[in-house]
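Q: Pasting a structure here, questions to come.
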Amino acid sequence: MCHCSHDDDTKSAVDLSRVWRPDDAQKPAPVKPNAIELYRPDILATIEEKIKELDPELRELSLDVHAHPELGFAEYHAHDVYTAFMIKHGFVVDKQFQLPTAWRATFEVGTGGRTIGVNSEMDALKGIGHACGHNLIGISGVAVAIAIRAALEKHNLSGKVVLLGTPAEEGGSGKVILLDKGAYEGMDACLMCHPAPGPVGSVSLSSCLALERITVEYHGHTAHAALSPWEGKNALDAAVLGYNNISALRQQLKPTHRVHGIFEGKDWAPNIIPDFARFVCYVRAPTVKEMKETVKRVLPCFEYASSLVISLFNPTHYTYRAAALATGCEVVIKQTGATFDLRQNKALGEEVANVIRNKYGAVDYTWGISSASTDFGNVTYALPSLHPGFAIPTVHDGGNHTLAFTQAAATIEAHNACLDISKALATTGVRVLTDDAFFADVKRTFEEDKALREGA
6 MCHCSHDDDT KSAVDLSRVW RPDDAQKPAP VKPNAIELYR PDILATIEEK
56 IKELDPELRE LSLDVHAHPE LGFAEYHAHD VYTAFMIKHG FVVDKQFQLP
106 TAWRATFEVG TGGRTIGVNS EMDALKGIGH ACGHNLIGIS GVAVAIAIRA
156 ALEKHNLSGK VVLLGTPAEE GGSGKVILLD KGAYEGMDAC LMCHPAPGPV
206 GSVSLSSCLA LERITVEYHG HTAHAALSPW EGKNALDAAV LGYNNISALR
256 QQLKPTHRVH GIFEGKDWAP NIIPDFARFV CYVRAPTVKE MKETVKRVLP
306 CFEYASSLVI SLFNPTHYTY RAAALATGCE VVIKQTGATF DLRQNKALGE
356 EVANVIRNKY GAVDYTWGIS SASTDFGNVT YALPSLHPGF AIPTVHDGGN
406 HTLAFTQAAA TIEAHNACLD ISKALATTGV RVLTDDAFFA DVKRTFEEDK
456 ALREGA
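Structure, rendered in structure tokens:
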């Protein structure tokens, strides 16, 4: 593997002899072990050279963002350091692009060429920082965009690169908002990547789960919990009943489906019957169709926990349930937005896989973020796109959304793995811009997948 490192980074923050995977295996088995000849090795050499040159700056940028974790739609520090970086490197930058913390950096070489899109995520997680490695995703987008520009300029090729800084992936569906606002219009294809646990040098082209977010609010009546509890209507009890209904339903759900959530409240005290409780629930399944079918089974779990149901997915529908007499609360159900499964473009995926096998490591199609979800799934439904996972080492039981993964996302091993997948993505991006036959294959496989999902 080709890596650049720094003297102060030689000591790993994690035990590299023990990496986390669902099966604790050390090496993923490649599905197609035989690599074929690379497209334009001279272009890849230019990309490698440029990313090697950028390496110290990218490392500094990554650690800066990692040290300043910000929640979705509030990534002000990340916005400022990324836009300053891209301006420094000669890109035309639109700050506060469509959203206060979103941004767009563009560079065009020649005229009449195609446009490749790239994404950089920025947000962190509440309480545990960059436990999903968005600092790495951010610098990958930067590296890919600048490396593509360098290749276009050196080899006298035409094309345009558009890098979007996309806020609020963690629960805010920032890319879905940007997609609806037209931020992806004009892109012929779009690329990004995501870290996950595993042995360095492996890349995954798995899909992910489609997701629907549901917020359920229960409204009751306060009372003294000891003196006169019969005067109250317990909103927390209603929320707990809804949760328990889901637990009963879960036995009849497929193992690939997920339903999970948390309780929220305000002004709770042990001696007061709660008059308000909120249950925030996520429903996930392998495809949008399956997710919607599971949502239909989950919604009644909330309805049967109260007496009056105000259903905001159908505001005219009011339903009284006999089983709801246990609480007598009013419930308001809001479906707050879906993200789709990843439709990895076959042609783009095969090109990235071939570069990885030739130069940097192994490829599989099963692990990565296969049981998680991302708002980039919606982008893959809209245009040819690719979202590979790349492995970084972490401790046992230290996967995404843990403090151990926060530490792992700052290691030099994670940084170098991020740069390797960035080289493969940049090479693939240049091929989209310059190889007409390849781009025709990208479009063809996108349309074939579109027909497949619409016919499912």
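According to our numbering, the sequence shown is numbered sequentially starting from 6.
Note that beta-carbon positions come from the ideal geometry of N, C-alpha and C, so glycine has one too.
All of these numbers come straight from a predicted model, not from anything done at the bench.
Where do the ends of the beta strand (DSSP E) carrying lysine 165 lie?
A: First-last of the beta strand (DSSP E) with lysine 165: 164-171.
Q: Would a C-beta distance cut-off of 8 Å place threonine 299 and leucine 241 closer than the cut-off?
A: no
Q: Determine the contact status of glycine 118 and valine 167, defining contact as a CB-CB distance below 8 Å.
A: no
Q: Give me the Cα-Cα distance between glutamate 355 and alanine 201, rounded to the nearest whole angstrom.
A: 20 Å
Q: Look at the alpha carbon of leucine 4 and the alpha carbon of glutamate 236, and state the distance between them as a whole number of angstroms.
A: This structure gives no information on residue 4, because the portion of the chain shown stretches from 6 to 461.
Q: Where does glutamine 412 land, buried or exposed, given buried means 16+ other C-beta within 10 angstroms?
A: buried
Q: Would you call glycine 115 buried or exposed, if buried means 16 or more other Cβ atoms sit within 10 Å of its Cβ?
A: exposed
Q: Beta strand (DSSP E) containing cysteine 195: first to last residue?
A: 194-196
Q: Have a look at Lys428, His262, Asp402, Arg348 and flag the residue whose alpha-carbon is nearest the alpha-carbon of aspartate 454.
A: Arg348
Q: Do you know whose CA, among Pro46, Pro172, Ser163, lies nearest glutamate 75's CA?
A: Checked all of Pro46, Pro172, Ser163; the closest Cα to glutamate 75 is Pro172.
Q: Quick check on this structure: which residue in Glu295, Ala253, Trp273, Val336 has the alpha carbon closest to the alpha carbon of valine 465?
A: Coverage of the chain is limited to positions 6 through 461, which leaves residue 465 absent and any answer about it impossible.
Q: Excluding five sequence neighbours on each side, which residues of the same chain lie with their C-beta closer than 8 Å to the C-beta of phenylalanine 112?
A: Gly95, Phe96, Val97, Ala150, Arg154, Lys165, Val166
Q: For glycine 354, name the three-state secondary structure that DSSP assigns.
A: helix
Q: Have a look at alanine 414 and threonine 227 and give me their C-alpha separation to the nearest angstrom.
A: 46 Å
Q: For glycine 191, which three-state DSSP category applies?
A: In this structure, glycine 191 counts as coil in the three-state DSSP scheme.
Q: In the DSSP assignment, find the unbroken alpha helix (DSSP H) run with valine 303 in it and report its ends.
A: Start and end: 293-308.
Q: Answer with buried or exposed for leucine 216, where buried requires no fewer than 16 other C-beta atoms within 10 angstroms of its C-beta.
A: buried
Q: The alpha helix (DSSP H) spanning glycine 434 covers which residue range?
A: 417-439
Q: Would you please state the rounded distance, in angstroms, between the beta carbons of cysteine 334 and tyrosine 223? I believe it to be under 8 Å.
A: 5 Å
Q: For the region 186-194 and the region 120-136, state whether three or more C-beta atom pairs, one from each stretch, are separated by less than 8 Å.
A: yes
Q: With distances taken Cα to Cα, identify the nearest neighbour of isoleucine 52 among Gly373, Val360, Gly187, Val400.
A: Val360
Q: Does the beta-carbon of histidine 71 have 16 or more other beta-carbons within 10 angstroms, so that it is buried, or is it exposed?
A: buried
Q: With respect to the beta strand (DSSP E) encompassing valine 339, which residues constitute its N-terminal and C-terminal limits?
A: With the sequence shown as reference, residue 339 is identified as lysine, and valine is not the correct amino acid for it. Here the beta strand (DSSP E) through lysine 339 covers 335-344.
Q: Cysteine 286 bridges to which residues according to DSSP?
A: Ile219, Gly266
Q: Under the rule that 16 or more other beta-carbon atoms within 10 Å means buried, what is alanine 445, buried or exposed?
A: exposed
Q: For glutamate 158, I'd like the list of residues in its chain whose CB is within less than 7 Å of its CB, leaving aside the five on either flank, ordered along the chain.
A: Val114
Q: Applying the 10 Å Cβ sphere with the 16-neighbour rule, what's the burial state of lysine 428?
A: Taking a 10 Å sphere around the C-beta of lysine 428, we find 16 or more other C-beta atoms and assign the residue as buried.
Q: Does the Cβ-Cβ distance between serine 67 and isoleucine 133 come in under 8 Å?
A: In this structure, isoleucine 133 does not lie closer than 8 Å to serine 67 by Cβ.
Q: Locate the beta strand (DSSP E) running through asparagine 276, then write down its first and last residues.
A: Asparagine 276 -> no beta strand (DSSP E), and no H or E assigned at all.
Q: When the distance is taken between beta carbons, is glycine 170 closer than 8 Å to methionine 197?
A: No.
Q: Counting only runs that start and end within the region 360-417, where is the alpha helix (DSSP H) found for 4 or more residues in a row?
A: 381-387, 408-413
Q: Assess, as a yes-or-no matter, whether the region 416-433 is touched by the region 381-399 under the definition of 3 or more beta carbon pairs within less than 8 Å.
A: yes
Q: Work out the CA separation of histidine 265 and aspartate 346 for me, nearest whole Å.
A: 18 Å
Q: Counting only the same chain and skipping the five closest in sequence on each side, list residues whose C-beta sits under 6 Å from that of glycine 382.
A: Leaving aside the five residues that flank glycine 382 on each side, the residues in its chain whose CB is nearer than 6 Å to its CB run, in chain order, Thr344, Phe345, Asp346, Leu347.
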